[in-house]
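Single-structure report; data block below.
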Amino acid sequence: MRFELPPYPYDLLDPYRLTATQHDGGVVDLSVGTPCDPPPQEAIRALTESESKRGYPPSIGSQEFRKSCQQWVKRCFDVDLDFERHIASCIGTKEFVVSAPTYLRLRTPDKDTVLYPEISYPSYAMGAHLSGCRAVPVKVDGKGELILEELEPDDIERSLMLWVNYPSNPTGAIADLNAIADWGRSHDVPIFSDECYAEFVWGREPSTVLTSGLSGVVAVHSLSKRSNLAGIRAGFYAGDEDLVHWLKEVRKHSGKMVPGPVQAAASIAYSDDQHVEEQKLRYRNRLEFLQSCLKSLDIESELPQGSFYLWVHSGSIDAWDLVDRLASEVGALVAPGTFFGSSNHIRIAAVQPLEILELISERLSP
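Have a look at this one:
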């Protein structure tokens, strides 16, 4: 049977974008988690000053890049990795998320199921579909944690992998990654942990699935959110030696390579933590500002435990109706929860600078 691609979610927002654009000052786009702040300038400079890195790069990533990832993991999570055995580069997180099931199924063809949180980034399910696997959602509780005990035994037996994402996009929830890793090892299900928001937490230390040990787990990291470098497409995956080895070898055959100048820039970005601390403060201020704007509209919201999203219940109306209301009343474009698995929520990305967000508060004034 031919696979029918669904509409790309954000294309469905075009009519609401047009509505929001009618406001004086234009649309305030809070629909996509695309960072709008400047990246570290030393990283940008490296893109133009890396003349010696213009040849074909190693698919696994340069030693310089993998060492910078190794050192960052140690600083951020206090986890020791061997950059030769446990780390490899990827072309941003999304590419890895979508392609991983295809490559893992070559390793274990008897497994045909990808588990993922029922409320989550849509690429986990899409990667399963594109690989010919079954995409099986795992229920989440009111705190955003997985309800693994309700999975069917057959689904567990057939599982190629379980995707987790904490802090969560879209909910901002945080969970016990060690407990999830233990569950995976006890059920022989590899745990793949998308940790691109790991450092954007408040009042707690960043967490990683790697803390529990490397057996049966892979963490995936990206500079898109951490360093406002979404456009250069650079990240890495790290963990279980056998899984990392298999994936890096298959990816080598498929021509997956991060360009040399990009790796040079990424190495510098992973070597600097100060810009991330500054970005955390910006996001927190914006989240609090947006929460106050919503309150003025009689819309209740809670600040997330992590990430830079407000996950807002739509109350007695459908998510799309709330999307329409915000576009019409204050010119804000937000994403409906249906993109992520919930018909009664919206997601608001706190990515725009405060001077743009202030357009919303100005439009609230009578």
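According to this note's numbering, the sequence shown is numbered sequentially starting from 1. Glycine included, each C-beta is placed from N, C-alpha and C at the ideal position.
What did DSSP end up calling residue i once you bin it into helix, strand or coil?
| i | result |
| --- | --- |
| GLY260 | helix |
| LEU223 | helix |
| ILE87 | strand |
| ASN169 | coil |
| MET161 | strand |
| PHE308 | coil |
| LEU359 | helix |
| LEU30 | coil |
| PRO9 | helix |
| ALA335 | strand |
Mind checking which residues open and close the beta strand (DSSP E) that includes residue i?
| i | result |
| --- | --- |
| ALA349 | 345-349 |
| ILE191 | 191-194 |
| PRO15 | Unbroken run through PRO15 is the alpha helix (DSSP H), 14-21; no beta strand (DSSP E). |
| ALA238 | 235-239 |
Could you check where the alpha helix (DSSP H) with residue i kicks off and where it finishes?
| i | result |
| --- | --- |
| PRO153 | 153-157 |
| ASP182 | 177-187 |
| ALA319 | 319-330 |
| LEU290 | 274-296 |
| LEU229 | No alpha helix (DSSP H) contains LEU229, which DSSP labels as neither H nor E. |
| TRP72 | 63-77 |
| THR48 | 41-48 |
In angstroms with no decimal places, state the Cα-to-Cα distance between residue i and residue j.
| i | j | result |
| --- | --- | --- |
| SER224 | TYR270 | 12 Å |
| ILE299 | PRO259 | 45 Å |
| ALA125 | ILE60 | 26 Å |
| VAL140 | LEU146 | 4 Å |
| LYS248 | SER316 | 48 Å |
| VAL330 | SER62 | 47 Å |
| GLU149 | GLU278 | 39 Å |
| HIS245 | VAL73 | 19 Å |
| TYR103 | VAL250 | 7 Å |
| LEU214 | THR34 | 31 Å |
| ALA327 | LEU18 | 9 Å |
| GLU118 | GLN71 | 34 Å |
| GLY255 | ALA128 | 21 Å |
| ARG85 | ILE348 | 39 Å |
| SER89 | LYS252 | 11 Å |
| VAL399 | PRO190 | Residue 399 is absent from the structure shown; the chain starts at 1 and stops at 366. |
Could you tell me whether the Cβ atoms of residue i and residue j are closer together than 8 Å?
| i | j | result |
| --- | --- | --- |
| ALA332 | VAL32 | no |
| THR113 | VAL136 | yes |
| HIS345 | TRP320 | no |
| PRO101 | SER120 | no |
| PRO9 | PHE339 | yes |
| ALA264 | ILE232 | no |
| LEU357 | ARG282 | no |
| VAL402 | PHE236 | Because residue 402 is not part of the residues shown, which for the chain are 1 to 366, the question remains open. |
| PRO167 | GLY306 | yes |
| PRO40 | SER227 | yes |
| ALA238 | SER212 | no |
| ARG301 | LEU364 | Per the sequence shown, residue 301 should be read as Ser rather than Arg. Against a cut-off of 8 Å, the Cβ pair of LEU364 and SER301 comes out as no contact. |
| ILE87 | CYS69 | yes |
| PRO261 | LEU47 | yes |
| LEU290 | ALA230 | no |
Length-filtered (4 minimum) alpha helix (DSSP H) runs lying within the stretch 90-159: 93-107, 123-130 and 153-157
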